[in-house]
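K.L.:
Have a look at this one.
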Amino acid sequence: MNRKLHLTFLVISGIVVVCDSKQRKPNENVQFPPFDEKLYEEVLNPEYCRRQTEYIRRNDTLLLAKFLDAGLRIPKGITLGNTIELGNYYQCLGIKENVTDMNIQGKYCMIQMTLNQDQLTQFLSTSQLPERDQSLRLSETILNYLKKQKDMNVFQNSIFGRNINSQRMGSDSQISNTKYSLAVCIPAACTTQEGINALLFNISAIGLEYTENFCRLPNDKLWAPVDYVAIAIFSIIGILTFLSTSYDIYYTWILKSDKRNKNSLYFCCSVYSNTQRLLTFTSGPDSLECIDGIRALAMVWVILGHTFYSLPNNLNPVDALLWSISPNAIWVTSAPMTVDTFFLLSGLLLVYSTAGKLTGEKLIKNIHLFYLNRLLRMFPVLAAMVLFEASLYNRVSDGPLWEGAASYVVRCREYWWSTLLHIQNFVNPQDLCLGVSWYLSLDVQLHILSPIVLFWVLSTRKYHSWVALTFAMLSVLTASTIYIFYMNMPSGIISPNRTEEMTDFFLKYYINILTRASPFCVGMIIGYILHSWRGKKPKISTVLLLLVWCATFLLLGAIIYCTNISMQFDWDNQLADNIFNSYLRPLWALALAWIIFACVKGFGGPINWFLSLQVWKLPARLSYAMYIIHYSVMVAYYYSAVTPIYFTLSALMFNFFAFFFLTFLLAFAVTVVIDAPFSILIKMLLSKGTKKSANIPDKKKSIENGIAPAEVKVSSINPAFISDEDKSTSVLR
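Structure follows, in structure tokens:
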């Protein structure tokens, strides 16, 4: 048991070290930082600090108690892996006392220290507690605790065993060098050293070594030019929405006139009309009804996984880690596989919505419209979220951990352009503006490359189509397998015995277009198969059907099981890791491809009934906006926490339901107010462009992954996220 706890703490320590080494401070080398560094420097005044601390110590015991109560204290749950104590953030910043010619303002600071404190332990072994006046008795608790740390009795005995000595925990030990973050509340005029020396104990005398991480003051958030730009743009959108909605209601309900006689531009921003379109569902003969259920459930699984994975600090990370690698957590830890569901759907709808509707020559002739539609349809919601994250997001909330949320503000201010151009996995893979936007970049890049294969798929000869699809699939599998076997990376988001490689796994595998392209290719293949069998039903014997369904469920179960076994402490099989990284994701896509094919062709039974329920229609339509928004909602909540959260399954499930429904409401609003108007404008723009380019006078033309007849509607977004009822995966009708 002790060995297991030892390994667990090693893993947590490794995660802390890796994350700390990669973390970028929000105000570091930034033109428009989120916090006012000049304010922190301007308030420092050694003379004011001396006078204020003397007054606090000698004349105001209650004020002293407020500073001590809001600051440095023993971390809770250190034997369970907790490395942070947040104090009381709002209490500290709320300290504001006006006394004779002095204004004493609280300042919240976070310091980091390690267990490797040689001078401190020598001091504590030879010295008595320093004599202090009666008002400072509270600090003895801290000194007593530090003295106990010399022997590490409780901590080491429970984690490492009884015979650990200082030689075994050398200065280069990861355990001894684990950084513990502690909150300190001091007067604003003082540096952390001055404040601790005056109110707690003499740092130099006892040899305490620490580093200052950051300090916070009231009203320390800066206004940047992008804030004013955001206010202006969102205000214009709000005004246009109000005017368009008012005109729509007046024209429809008061004048009772037919809107079809008016230019649709007047109603494009109307909440009333856009909500009607959003809540109106129609199905065509070629609709892939089951895709709505798959898309909606995949989005639920994404939010569920991020609810657990994005938890920044908790009181019992040992418990959280042990639960995460247990079979009980398999339904959460396998959630990263669901992203490949989106890649599958994206490739499927790309082929299914274009095959038979245009030729390869027309695709090449209108390639500019093909790319333009892809970029424009993803642009409005993504751009709005990037703008919001770069500006007003910094003012959504606050807290002792808000520097973590502010780091996303900095990233969006610096790398907004790479996010909108969908090249951030090449330019700034470690500084993603939106935490989940890497998928959008890969999806766009795959669509940019897709005409190489799509040109042949649109050929009238099936032989050419199958050769192109097979060659693409084999090429991607071969190249990715060679790359993966060369890199020898771990195979899971959680790899307890390879924590130092977690960052490389994310950068070189998880957001790499080569290693994530195979599900997209599987999607293109199943899309072509569905097109080839359009209007026809294959004959499959009952026995074969049962065998294929059983094989599908066994395959899905085996994939989920493999994601769990690779997370164990004793897992050490590089060959299996390479095989998992090479083939689990395309196999996952293959299993889902069969489910889609079976449901569409009448072999789905209760599975098709469940996936085709009307309840999935609206979440499926909103899933694109939900995907972009949900992670920012989680970051805002988690980094607003005033205390580390105690990890329990029930608490995280409550968080999940809260995140899901709040994200759903926000996505509904964003879709109606931002995406719907731009859909209409893009439709008008591309319809004109298509008429000119394609020279087809009789029908309206639209594009979704290509040029298609009028029945393929234009207002579509990322095909992995939108409803199939419009075939071109339109979001609003």
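Taking the numbering used here, I'd label the letters of the sequence shown as residues 18 to 750. Glycine residues also receive a C-beta, built at the ideal position from the N, C-alpha and C atoms. Since the model is a prediction, treat every value here as computed from it, not as a measurement.
Using 10 angstroms around the beta-carbon of residue 441, count the other beta-carbons present and answer buried if the total reaches 16, otherwise exposed.
P.N.:
By the neighbour-count rule (16 or more Cβ atoms within 10 Å), residue 441 is buried.
K.L.:
Would you identify the three-state DSSP class for residue 728, choosing helix, strand or coil?
P.N.:
Any reading at residue 728 must be qualified, since the residue scores a pLDDT of 31, below 50, and its modelled position is unreliable; no value is offered.
K.L.:
DSSP on residue 722, reduced to helix/strand/coil?
P.N.:
Any reading at residue 722 needs caution, since the residue's pLDDT is 31, under 50, leaving its predicted position unreliable; the model's value is listed next. In this structure, residue 722 counts as coil in the three-state DSSP scheme.
K.L.:
Could you tell me which residues DSSP pairs with residue 112 in its beta bridges?
P.N.:
Paired residues: none, contrary to the question.
K.L.:
Between 617, 311, 502, 657, which lies nearest to residue 359 when the distance is taken from Cα to Cα?
P.N.:
Closest option to residue 359, Cα to Cα, is 311.
K.L.:
Do the CB positions of residue 70 and residue 207 come within less than 8 angstroms of each other?
P.N.:
It is a contact, given that the beta carbons lie within the stated cut-off.
K.L.:
State buried or exposed for residue 610, treating a residue as buried only when at least 16 other CB atoms are found within 10 Å of its CB.
P.N.:
Buried, by the Cβ-count rule.
K.L.:
Look at the alpha carbon of residue 379 and the alpha carbon of residue 470, and state the distance between them as a whole number of angstroms.
P.N.:
In a straight line, the C-alpha of residue 379 is about 14 angstroms away from that of residue 470.
K.L.:
Count the other CB atoms, across all protein chains shown, that sit within 10 Å of the CB of residue 752; report buried if there are 16 or more and exposed otherwise.
P.N.:
Since the first residue shown for the chain is 18 and the last is 750, residue 752 is missing from the structure and cannot be characterised.
K.L.:
May I ask you to list the residues that DSSP assigns as paired with residue 203?
P.N.:
According to DSSP, which records beta bridges pairwise, residue 203 is partnered with 124.
K.L.:
Using the Cα positions of residue 330 and residue 599, report the straight-line distance between them to the nearest angstrom.
P.N.:
Answer to the nearest angstrom: the Cα atoms are 32 angstroms apart.
K.L.:
For residue 683 and residue 488, what's the separation of their Cα atoms in angstroms?
P.N.:
One C-alpha to the other measures close to 42 angstroms.
K.L.:
Would you identify the three-state DSSP class for residue 231, choosing helix, strand or coil?
P.N.:
Three-state DSSP puts residue 231 in a strand.
K.L.:
Do you know offhand how far residue 215's Cα is from residue 339's?
P.N.:
Rounded to whole angstroms, residue 215 to residue 339 spans 42 angstroms at the Cα level.
K.L.:
What separation, rounded to the nearest whole angstrom, lies between the Cα atoms of residue 272 and residue 262?
P.N.:
Taking the straight line from one Cα to the other gives about 14 angstroms.
K.L.:
Between the alpha carbons of residue 37 and residue 197, how many angstroms are there, rounded?
P.N.:
Any answer about residue 37 is weak, because its pLDDT of 44 lies below 50 and its placement is not dependable; what the coordinates show is given next. Residue 37 and residue 197: Cα-Cα distance of roughly 11 angstroms.
K.L.:
Have a look at residue 305 and residue 93 and give me their C-alpha separation to the nearest angstrom.
P.N.:
Rounded to the nearest angstrom, the two C-alpha atoms are 53 angstroms apart.
K.L.:
Compute the Euclidean distance between the alpha carbons of residue 113 and residue 125, then round it to the nearest angstrom.
P.N.:
Taking the straight line from one Cα to the other gives about 13 angstroms.
K.L.:
Might you give, ordered along the chain, the residues of its own chain that have their beta carbon closer than 8 angstroms to the beta carbon of residue 669, omitting 5 neighbours on each side?
P.N.:
For residue 669, where only same-chain residues beyond five positions count, the Cβ hits under 8 angstroms are 324, 325, 328.
K.L.:
Return the bridge partner residues of residue 102 from the DSSP annotation.
P.N.:
DSSP lists 199 as partners of residue 102.
K.L.:
Counting C-beta neighbours from all protein chains within 10 Å, is the total for residue 655 16 or more, i.e. buried, or is it exposed?
P.N.:
Label assigned to residue 655: buried.
K.L.:
Starting from residue 634 and walking both ways along the alpha helix (DSSP H), at which residues does that stretch end?
P.N.:
It spans 634 to 655 - the alpha helix (DSSP H) in which residue 634 sits, taken as one unbroken run.
K.L.:
In the DSSP assignment, what are the bridge partners of residue 52?
P.N.:
DSSP output for residue 52 lists 238 as bridge partner(s).
K.L.:
Shortest alpha-carbon distance to residue 105 belongs to which of 348, 467, 415?
P.N.:
Of the listed residues, the one whose Cα sits closest to residue 105 is 415.
K.L.:
Would you say residue 405 and residue 242 are within 8 angstroms of each other, going by their C-beta atoms?
P.N.:
Cβ distance not < 8 angstroms, so residue 405 and residue 242 don't count as in contact.
K.L.:
In this structure, does DSSP put residue 129 in helix, strand or coil?
P.N.:
Residue 129: strand per DSSP, three-state reduction.
K.L.:
Less than 6 angstroms between C-beta atoms, sequence neighbours within five positions excluded: which residues of the same chain meet that for residue 233?
P.N.:
The answer, listed in chain order, is 125.
K.L.:
Would you say residue 422 and residue 652 are within 8 angstroms of each other, going by their C-beta atoms?
P.N.:
Yes, Cβ-Cβ distance for residue 422 and residue 652 is below 8 angstroms.
K.L.:
Is the beta carbon of residue 603 closer than 8 angstroms to that of residue 531?
P.N.:
Not a contact, by the Cβ cut-off of 8 angstroms.
K.L.:
Looking at the strands, I want to know which residues DSSP matches up with residue 119.
P.N.:
Residue 119 pairs with 116.
K.L.:
So, are the CB atoms of residue 617 and residue 547 less than 8 angstroms apart?
P.N.:
Cβ distance < 8 angstroms, so residue 617 and residue 547 count as in contact.
K.L.:
Please classify residue 681: is it buried, with 16 or more other beta-carbons within 10 angstroms of its beta-carbon, or exposed?
P.N.:
Flag for residue 681 reads buried.
K.L.:
Measure the C-alpha to C-alpha separation of residue 506 and residue 295 and round it to an integer number of angstroms.
P.N.:
Distance between the alpha carbons of residue 506 and residue 295: 44 angstroms.
K.L.:
In whole angstroms, what separates the C-alpha of residue 55 from that of residue 398?
P.N.:
Going by the C-alpha atoms only, they are around 35 angstroms apart.
K.L.:
Excluding the five sequence neighbours on either side, which residues of its own chain have a C-beta within less than 7 angstroms of the C-beta of residue 209, listed in chain order?
P.N.:
So the list reads 126, 128, 201, 203, 229, once near-sequence residues are dropped.
K.L.:
Looking at the secondary structure, which residues open and close the alpha helix (DSSP H) in which residue 348 lies?
P.N.:
It spans 347 to 350 - the alpha helix (DSSP H) in which residue 348 sits, taken as one unbroken run.
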